[in-house]
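A short worksheet on the structure shown next.
There are 6 protein chains.
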Amino acid sequence: MAEQAALRTLKEGDSFNGFLLAQEVAFKTSAKGSEYLELKLGDASGDLKGFLWDLRAVEGDLDLVAPDAFLKVKGQISNYNGRTQIRLDKLRFARDEEVGDLARFFPVSRRDAEEMAQELDGLIAGVKDPWIRRLLEALFVEDASRREAFRRAPAAKSMHHVCLGGLIEHTLSVAGMADRACAHYPDLNRDLVLAGVLLHDLGKTAELTYQRSFGYSDAGNLLGHISMEAEWISRAASGIPGFPEELRLHLLHIVLSHHGRLEYGSPVLPKTPEALLVHYLDDLDGKLEAMFRGMREDAGEGSWTPFSRSMDRMIYKSRWPKVD
Amino acid sequence: MAEQAALRTLKEGDSFNGFLLAQEVAFKTSAKGSEYLELKLGDASGDLKGFLWDLRAVEGDLDLVAPDAFLKVKGQISNYNGRTQIRLDKLRFARDEEVGDLARFFPVSRRDAEEMAQELDGLIAGVKDPWIRRLLEALFVEDASRREAFRRAPAAKSMHHVCLGGLIEHTLSVAGMADRACAHYPDLNRDLVLAGVLLHDLGKTAELTYQRSFGYSDAGNLLGHISMEAEWISRAASGIPGFPEELRLHLLHIVLSHHGRLEYGSPVLPKTPEALLVHYLDDLDGKLEAMFRGMREDAGEGSWTPFSRSMDRMIYKSRWPKVD
Amino acid sequence: MAEQAALRTLKEGDSFNGFLLAQEVAFKTSAKGSEYLELKLGDASGDLKGFLWDLRAVEGDLDLVAPDAFLKVKGQISNYNGRTQIRLDKLRFARDEEVGDLARFFPVSRRDAEEMAQELDGLIAGVKDPWIRRLLEALFVEDASRREAFRRAPAAKSMHHVCLGGLIEHTLSVAGMADRACAHYPDLNRDLVLAGVLLHDLGKTAELTYQRSFGYSDAGNLLGHISMEAEWISRAASGIPGFPEELRLHLLHIVLSHHGRLEYGSPVLPKTPEALLVHYLDDLDGKLEAMFRGMREDAGEGSWTPFSRSMDRMIYKSRWPKVD
Amino acid sequence: MAEQAALRTLKEGDSFNGFLLAQEVAFKTSAKGSEYLELKLGDASGDLKGFLWDLRAVEGDLDLVAPDAFLKVKGQISNYNGRTQIRLDKLRFARDEEVGDLARFFPVSRRDAEEMAQELDGLIAGVKDPWIRRLLEALFVEDASRREAFRRAPAAKSMHHVCLGGLIEHTLSVAGMADRACAHYPDLNRDLVLAGVLLHDLGKTAELTYQRSFGYSDAGNLLGHISMEAEWISRAASGIPGFPEELRLHLLHIVLSHHGRLEYGSPVLPKTPEALLVHYLDDLDGKLEAMFRGMREDAGEGSWTPFSRSMDRMIYKSRWPKVD
Amino acid sequence: MAEQAALRTLKEGDSFNGFLLAQEVAFKTSAKGSEYLELKLGDASGDLKGFLWDLRAVEGDLDLVAPDAFLKVKGQISNYNGRTQIRLDKLRFARDEEVGDLARFFPVSRRDAEEMAQELDGLIAGVKDPWIRRLLEALFVEDASRREAFRRAPAAKSMHHVCLGGLIEHTLSVAGMADRACAHYPDLNRDLVLAGVLLHDLGKTAELTYQRSFGYSDAGNLLGHISMEAEWISRAASGIPGFPEELRLHLLHIVLSHHGRLEYGSPVLPKTPEALLVHYLDDLDGKLEAMFRGMREDAGEGSWTPFSRSMDRMIYKSRWPKVD
Amino acid sequence: MAEQAALRTLKEGDSFNGFLLAQEVAFKTSAKGSEYLELKLGDASGDLKGFLWDLRAVEGDLDLVAPDAFLKVKGQISNYNGRTQIRLDKLRFARDEEVGDLARFFPVSRRDAEEMAQELDGLIAGVKDPWIRRLLEALFVEDASRREAFRRAPAAKSMHHVCLGGLIEHTLSVAGMADRACAHYPDLNRDLVLAGVLLHDLGKTAELTYQRSFGYSDAGNLLGHISMEAEWISRAASGIPGFPEELRLHLLHIVLSHHGRLEYGSPVLPKTPEALLVHYLDDLDGKLEAMFRGMREDAGEGSWTPFSRSMDRMIYKSRWPKVD
C-alpha cells in the first residue's frame, strides 16, 4: 500500500485517495426516489461517514461493496456540523492483496507489539517451577501459530482492550499486578498465579475473530474461551511426561473459575487463594482500562462520560490533580 | 462374607451378627459422665441406630471406629418408638477384605446391572453416523475402566438416582425419552441427540466418589463433571483420524450447555435444538425420579411428602387412579 | 375477494391490484417539505414496503388509513437493494366485507386446520377416564364458539407458534410428546397428563386478540390466560354432577403450575409428576418451534441466526447431516 | 370443660389438672436406657414443656398421644432456669367432645369477634355501588358457612396475624387504612378499593387449616388462596344477573395482583391505581403487625428483637416517646 | 418577557413570535445535500417540532443554538398528521436576562406554590416534640436558600412528580397520608413519622439540577440524595445543643432506609415501624402519581397507556365510575 | 491478673485456676432430673467446654453467670474424644477490675499493635497532597479516642479479620496493595486512593461492639458503618478552612461506593478509577484473609476446609509447593 493520509489528520477541503475498510454499508433512497450509498469508512486512526450520491460511480460489482470489505475510494473532505465527512467521487472493491498490511486498518494496542512479546518471554523464563515453566513454554513459545495469535488477538469484542494486541496487553498488565500482589501476600504461590494469569484468556485467540471486524467464531459461540483453553492446557500437560496431576488440576481450576461467578460463565467458583487473586486482578484490570479509555475517548464537555452499558454507569471524568 | 440377615428384615428380639458400614459415629457422654457410642449402621437394604453403652466392649483400636469404616458387630434388635435399633454387645473394625462384595452395603439401582450394560451397548451399536458411533465406542466400550466406572457410579450425591448404578440408569432413561422425542420432532438429528445424552454426565464417574459414602472427588470440586467429560470427548475425538471438527464442536456444545443456564454451571446456553432437547430431558428425568422416589420412600400419612430441599417444595403423594 | 397474486410471488415490473392489510402506516415529510406515505403492507404470504408520493392519490378519508385497516391498492413492483417494494398509484380504505376471508391476510399454521381438529377430537375420544373425558368434551366439543376459537387462535403474541391455528398446533404437538412420555414413564397417569396438556393454554383464546394484528385483550392484560382457563375448568366441572373434587384440584394444579416458576406467572410450583411433565414438555415444544422457525426464516448467510430476544441468544443454524 | 387455670397464670409449686393441646410429642431415651415422654402443651394463653418420666403413667393407647391431640393431664408446676415446666403424674388422650370449646386452646385475635363481624357488615352496607355491594353480600353475608369461616380463620400460617380471627382482623385494618387513603387520593374509586380489600385474602379460609395447628390444606397447597378466591368471585358474579363484565375483570385483577410481584405468587402486576393501593396497604399492614407483635412478645433485654426470618431483619424495640 | 401565546393554544395558520426553550437541537442534511435545523421547542404548556430550512436565517453565532438554550423565534404554525409544528422564518440565541421568569418554560406542579409553602410551615408548626420541631425549623425554615430550593425542585428526573414544585408536592402528599396512617395505627409516633416524611427526599434539592432541563448534579451522581440529606440532618442536629442521640439515630435511620431495599440504594433496611411506614407511603405516592399522570397525559384511544418503563407495565386507563 | 496458663497449652490431667470469659452458658437437666451447667470458656489463645455437675459449687449469684461475663474458675483438664474439656470444681462471677487487661481474653491480630500504629502514621505522613494529609491527620491522629478505637476494633463480626486489631491490620494490608497498584497503574491518584483505603472502614469503630463478644451497636444496626464514616469525613472537612468541595465529594464517593454493589449496601456504584480500585482491593483482601485463616484453623484431614457460609464454598487446602 502506497502511503496515504491517516483519516484523523484530514481537514475540510482535502482530497483523499486510498484504501479504507467499509465498516457499515447502507443503500438508501432519497425522497426523489434516487438511490445513494451511505458508508462508514475507517482506518486505524479513526473513521468517518462517506456519501456516494451517484451509484454509477461504483466500478465493478456492486454486491462486493459490503461490510468488512476494503474499498479503494477517492473523494473530497467536507465538514458537517463539526464532524468530517467524505463526498465520494469514485469507489471500487479492493482485494486484500492490494491493501498491504491489514493491521493498518484496525485499532491497535498503544504498547509496542515486539516489546510486549519480549516481556511475555521474560515472564515465562522467570518462572522457577520447572513444570509450570515447561507448560507455559509449550503453549506460548513452541507453538508458533498460537504465539502469533496471542500477540494479535484483541482481549474482547466490546468490553475492554478492544484492539489488536489487546489480549497480550491486558494479560501483561494483569501479570504485572499479580507480581506485585504475590510480593504483598507472601503465602501465594507466585508461579501458580503467573501461570493462571497468562493462561486465563488464552482461548480468546480462538473464541474471537479479528481478521476484519471483531466478533465471535463458531467455536467461540459454541464453547466459550474458557472451555477451549482448558482443553489446550490439558493437552499440553499430557505432552509433558510426568506432569503432576495435582498441578494440572490447580491450573485448570484457576482458568475455569476466573470469571468468579457461575452466572458469568465460570463452571466453578474460585476455591484457592491463587484462583481468587487471578479473578480479582483480571476483572479489575479490564474495568480500569474501560474506564480510562472511556475518559480518553470522550471529547464531550461536562464531568461525565456517556452511559457505559458494559459498566452500567457513567464515569466521572474530572480528575483531582496529583501533587508531586 | 458369610450370609447375614438384611437389616430391613430384622424384627424386635432378633440377634444380629455380621458386618455393617458405619455411616455416622458419635462418642457421647451421659449425664453420669460415662461415655457411650452412638452409631448409624447400614447395609444395602437400609440402616438403623446402634448403641454401645460400654466402650470396653470395643475390640482393638477405638480410633478406627470412624465413618465409612466397616464394623463387625453383634447385638440384639429392639424396637423403639416404631423404629428398629440395635443394642451392641461387641464391635470391632473390619478390613475390607473380610467383608466381601462391598456393593452389598450401598443403595443400588433397581434395574439389573447387566441388563443396563447390554442396553447401553445396543444403543451405541444402533448409531448410524459412523463418526458418532466410533466416538461412543472409544469412550464407552474400549476403555474398560471407564466402562466399569460408568456402570457403577451414582448419578448424583443427593439430588436424584443416588445409588450405585444410578448414573447408567438415569442415562438410559433419558436416552429412551430422547429416542421418542426424535421420532416426534423429525428435524432433530437422532444420533447427535443420543450421543449428547450418553455423554452428558459421563464426567460424574470422576466427579463423585462412591467407594464408600457418596461425595465429591478433588477433581470434581475443582473442575466439575462437565469440564472433565469435555476434555475426554476432545481427547477421544483427536484419537480418531479425520474426526470432523464441526461434529466435535457440536457434541462439546451439547455437553457444555446441558445444565441449561449459566448459574447452574453451564458455561454456554443451549444454542441448537439438539442441545436444548438434551437439557430438558435430562432435567425432567432427574426431577421425575426424585419425585417418584420421594413418594415411594415416604411412609408417612397425609397427602404430602416432607419438604424436599432439592425440589424446593413438598410433593403431593395422592395419586388419581388410572382407568384401563 | 377476487383472486389476487400472493405478495411472495411478485417480481420487479409486475403490476398489483388488490387488497392488503396495513401493518404500519407513517406519514413523512421529505426535505422539500412535501408529505408522502410509507406503509408496510401484508397478506398471508409475506409483506413489503409501499410508498405513495402524492397524498392526493388517496381516495376518501385519509384518517382511515391506519394500522390494522385493509386497503385497496394499485401499484408497480420495483426492486430496491434486493427487497421488493411497491410504488403506489392509488389507495383507498376498504371495509372488511369487501375483503372476503380475512384469514388470507395473516400467517397461518403449516398444518391443515381440519386435520388438526380431527386429531384433537380423536385424542379426547381416546381418554379412558370417564370424568376427564366428560370434562374435555364439555370444554372442547360442546361449546361451539370455544371450539372455533381454539382452532383459530395463535399460541402467543411473539414467542412461538405466532400464527392462526398456532394454539391448536402447539397443543397437539405437546400432546404427542406427552403420549410418548407416558409410555416411557409408566407411573404417570396418561389421561391426567393429556387433559393438562389440552387445557394448559386454552385461556389464550381469550387472552389474545387475533382478528387483525396479534395482541392482548383487556381481560388478557388484567387476568392472564392461566386465571381464565382455571375459571372455565371449574365452571365446566361444576356442570358435571358428581365430578370428583380431588380430580378437579389436580387438573387445576396442572394448569396453574404449568409455567413452572412463580416469576413466570404460575402462582404455584408443579407438585405432582403429571404437572411437572406438562410444564417441561410445553416449554420444550415452544422453544424448539421458535428455534426451528428462526432457522427457516433467516435467509442470511453465516452459521447463526440474528440474536433472538425471546431466547436471549443466537441459534446455530448449521445442521450436522443425518445418516440414514 | 370445667374451669381450669390458664397456663400463663401458673407458678412454681402449683398443681394443674385439666385439658391441654399437645403441640409437640417426643419419646426419648435416657442414657440409662429408660424411655420418657417430652411434650409441648398449650392453651390459648401460652405453652410449657411437660415431662412424663414413667410411660406406665399413660392411660390407654400410647399411639393416641400425638401432635394436635388433646390430653387430660395432671401434674406439678416447677420452674427451670426461668421457664415454667410441668412434671406429669398422669396423662391420657381426650376426645374433642370432652374438651368443650376448642377455641380456648389456640391464639385468638385481640379484637372482639362479634365487634369485628359487625364492623364488616357495616362496611359492606356502606358500599354505594349497587353491583359491588351485591357481590360482597353474596360472598360475606348470605353464605353462612363462608361467613363463619371468615370470622374464624387466621391471616397466615406464620407471617402475621397468626391467630383465630386474624384474617378478619387484618382485613378490617387494611380496610380502615384504605378508607383513609381514598379520602386522601380522591381519584380512587373507594367502593372498588374496599371490595378489593375485603376479597383479597378470602381464599385463606380454604387455603389454611386451623381446626388444630395452623397449616395448609391440600387445596391450599395445590392452588393457593388467590386462585380459590378468584373462582369464588367469578361464581358469585355470575349469580347476579347483569353483573358488569368490566367490573368483574377489575375486581379479579385487584385480587390476582395483590401480592404485587410475580415471584410472590401474583400472576399479574397491579395495573390500576386501585390494585396498586390494595397491594401496598395489605403488605404494609401485615409487616407492621409482625413488627409490633415481635416487639410485644420479645421479653428479652436489649434494643433489638431476635432475627425475624419472615422480615429478614431484627426489629429495633426502643421507642422514642410521644409528646402529647 | 412580553406576553406571548402558550404553545398549547396555537392552531394551524397562527403566527408565533417569542422565546422558547430549545430542548433538542439537530443539524441534518437533506438528500439534496443542503443542511437544515430540526428543533424541539418548549414552554411550560408543552412542546412542538420546529424546522428551519435555511440556516442563513439564523442570526448570530450558530454554535449557541444548543440544547437548554433559550431562542427567540418567529414562524408559522402548521399541522402535520395531527401534530402542530412550526416552520421557522427567523431564529436567534437569547440571553436569560431577556427571557424574564424562566419558570414559565418548565412543567410546574399543579398545586399553588405559595399554598404548598404554607402547608409545609403549618405541618412543622404542628409538631409537638420540641426536638423534632426544632430540627425541622432549622432545615426548612431558617435556611432561606434551602427553603427556596425545596419549593422549586422536582421530585425526580423521570419517575414521578417531574416538574418544578414536584418535590414539595410529593412530600406534602406523603405527609398527608402519613398523618392518616398515624391516626389508624396509634402505636406509631406521629412526629417521628412526619419528620421522616419531610426529610426523606430533601437531598433531591442538591441531587438534581433543574435550572434548565432536569438532570443530576455531580454531587448527585457521586453521593445520591440519601447521603446528602443524612449529612444535613446530622449537621443540623449538632447545631441544636442537647439534641438526643437516640432521636438523631432514629431520624437518620428512617431517611437512610426509605428506599426499602438495598438494591434500590438504601444502605439499611427499615427496622422500625416508623421507617417501614415512610418507605411504603413514599413508594405508593410516587407510583400512584405516575399512574394518574400517565392516564391524564395519554390522549390515545384504547384502554391502555403505552408501556411505562419506570413501572414496567402498561396502565389500564378505563375507570369504573364512582357512585355518589 | 496473676499469671495463668493459656488454654491452648493445657493437657489432660492439668489443674487450672484463673479467669476465663464465658462465651456461652447453658443450664441443662440430666435425665435424672438434676441440673448442671455447660459452658464455653475462653481466653485469647482459644476456648474449651466446661462442665459443672453440681450447681451448689457456684459461689454467689447464679444469675451473674451469663454470656460475656468473666468467671473465676478452678477445675481439672480432661480429654474427651480428642478435645480438651474442663471439669469444674468451683466457679464464681468476677468483676472486670479483678481481671486486669481484658484484651487477654479475645482473639488479637497476629501483627504487633504498636508497629501497626506506626505504619499508619507513616502512611499519613507520606501523603503529598496537603488537603488530603490534613484530613487524615484530623481523623486518625488528632482525635485520640478515634485513634485508639481504630487500633482496637475488629474488621468485622464474622467475615474476616475477626480479632482485636483486625481493622487496622486489614486497612494496612489494603493500603499496601493499593500502593503497589498505584505504581502499576500510573494514572491513578495515589493520595486519593490511599485516603479512600484508610477511610473505607473507619466507621466500623462505631458500627461494631468489641468490648466483650463482637457484635453490632445500635448505631451500627440503624445506620451502618458507611453512613457513619461519611458523616465524620464531611465534618472533618468542614473543620479545615478552604477544603475543596470537589475533593470532599470524591473522597465521600470512594467511601460510599466501596462495597461495589447496591445490594451489598453501597448507595452508589464506583464511578472513578480510584473508587473502583479501593472496592476491589478491599474485597480481595478480606476474602484472602478468610481463605488463609480457614486453612490455618482447620486441623481436619482431607484436602478441603468445611463449607464456609460467608464464602459460600469449601476451600482447597492442598498447597502446591513453591520453588525457590
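Going down the list, the protein sequences come from chains Z, C, E, L, A and S. Its first residue numbered 928, the first sequence is counted upward by one per residue in our numbering. Its first residue numbered 928, the second sequence is counted upward by one per residue in our numbering. Its first residue numbered 928, the third sequence is counted upward by one per residue in our numbering. Its first residue numbered 928, the fourth sequence is counted upward by one per residue in our numbering. Its first residue numbered 928, the fifth sequence is counted upward by one per residue in our numbering. Its first residue numbered 928, the sixth sequence is counted upward by one per residue in our numbering. Don't be surprised by glycine CBs; every beta carbon is placed ideally from N, CA and C. It should be emphasised that the depicted structure is a prediction, and the values quoted were computed from it without experimental measurement.
- Within the stretch 1140–1151 of chain L, those residues whose Cβ lies closer than 8 angstroms to any Cβ of chain E are, in chain order, D1145, A1146, N1148, L1149, L1150 and G1151.
- Rounded to the nearest whole angstrom, the CA to CA distance from S/G1221 to S/I1242 is 8 angstroms.
- Following the DSSP letters along the chain, one finds Z/G1093 inside the alpha helix (DSSP H) bounded by residues G1093 to H1111.
- Nearest C-alpha to S/V992 among S/W980, S/F954, S/D1016 and S/K1001: S/F954.
- L/V1205 has its alpha-carbon roughly 19 angstroms from the corresponding atom of L/P1081.
- In the three-state reduction of the DSSP assignment, L/V1120 falls in the helix class, which pools H, G and I.
- Interface with chain C (8 angstroms Cβ-Cβ cutoff): E/D1225 is excluded.
- Residues of the stretch 1177–1197 of chain C whose Cβ lies closer than 9 angstroms to any Cβ of chain Z, in chain order: H1177, L1179, H1180, L1183, S1184, H1186, R1188, L1189, E1190, Y1191, G1192, S1193, P1194 and V1195.
- Put simply, of E/V1089, E/D1225 and E/T1199 the residue whose alpha carbon is nearest the alpha carbon of E/R1037 is E/V1089.
- Contact check for Z/V1054 against Z/F946 fails: the beta carbons are separated by 8 angstroms or more.
- Under the Cβ criterion (8 angstroms, minimum of three pairs), the stretch 1009–1021 of chain S does not count as touching the stretch 1039–1054 of chain S.
- The DSSP assignment places complete alpha helix (DSSP H) segments of no fewer than 4 residues inside the stretch 1115–1179 of chain A at 1117–1126, 1131–1134 and 1145–1165, in order along the chain.
- In the DSSP assignment, L/E1201 falls within the alpha helix (DSSP H) that extends over P1200 to E1224.
- When Cβ-Cβ separations below 8 angstroms define contact, C/T1098 makes no contact with chain E.
- Residue pairing by DSSP places S/S1005 opposite S/Q1012 in a beta bridge.
- Taken through DSSP and simplified to helix, strand or coil, C/V1035 comes out as strand.
- Within the same chain, no residue comes within 8 angstroms of S/D1239 by CB-CB distance, once the 5 residues on both sides are set aside.
- At least one CB of chain E lies nearer than 8 angstroms to the CB of C/F1219.
- About 5 angstroms separates the beta carbons of S/F1033 and S/L1091, which is inside the 8 angstroms limit, making them a contact pair.
- A/E962: not part of any alpha helix (DSSP H); member of the beta strand (DSSP E) spanning E962 to D970, first to last residue.
- The residue among A/F1077, A/R1010, A/R1014 and A/G1213 with its C-alpha nearest the C-alpha of A/V1000 is A/R1014.
- Considering only beta carbons, the part of the stretch 1099–1114 of chain C lying closer than 7 angstroms to chain E consists of G1103, M1104, R1107, A1108, H1111, Y1112 and D1114, in chain order.
- For S/S1230, the neighbours in chain C by C-beta distance under 7 angstroms run, in chain order, D1145.
- Closest in C-alpha terms to E/D1128, from the list E/P1233, E/G1213 and E/E939, comes E/G1213.
- Looking at the backbone, the Cα of A/G1187 and that of L/H1186 are separated by about 17 angstroms.
- Assigned with DSSP and collapsed to three states, S/E986 falls in strand.
- Under the Cβ criterion of 8 angstroms, L/M1241 is counted among the residues facing chain S.
- Around the C-beta of E/N1148, 16 or more other C-beta atoms lie within 10 Å, and the residue is accordingly described as buried.
- Among the residues of the stretch 1046–1071 of chain Z, those with a Cβ less than 8 angstroms away from any Cβ of chain S are K1055, D1056 and P1057, in the order of the chain.
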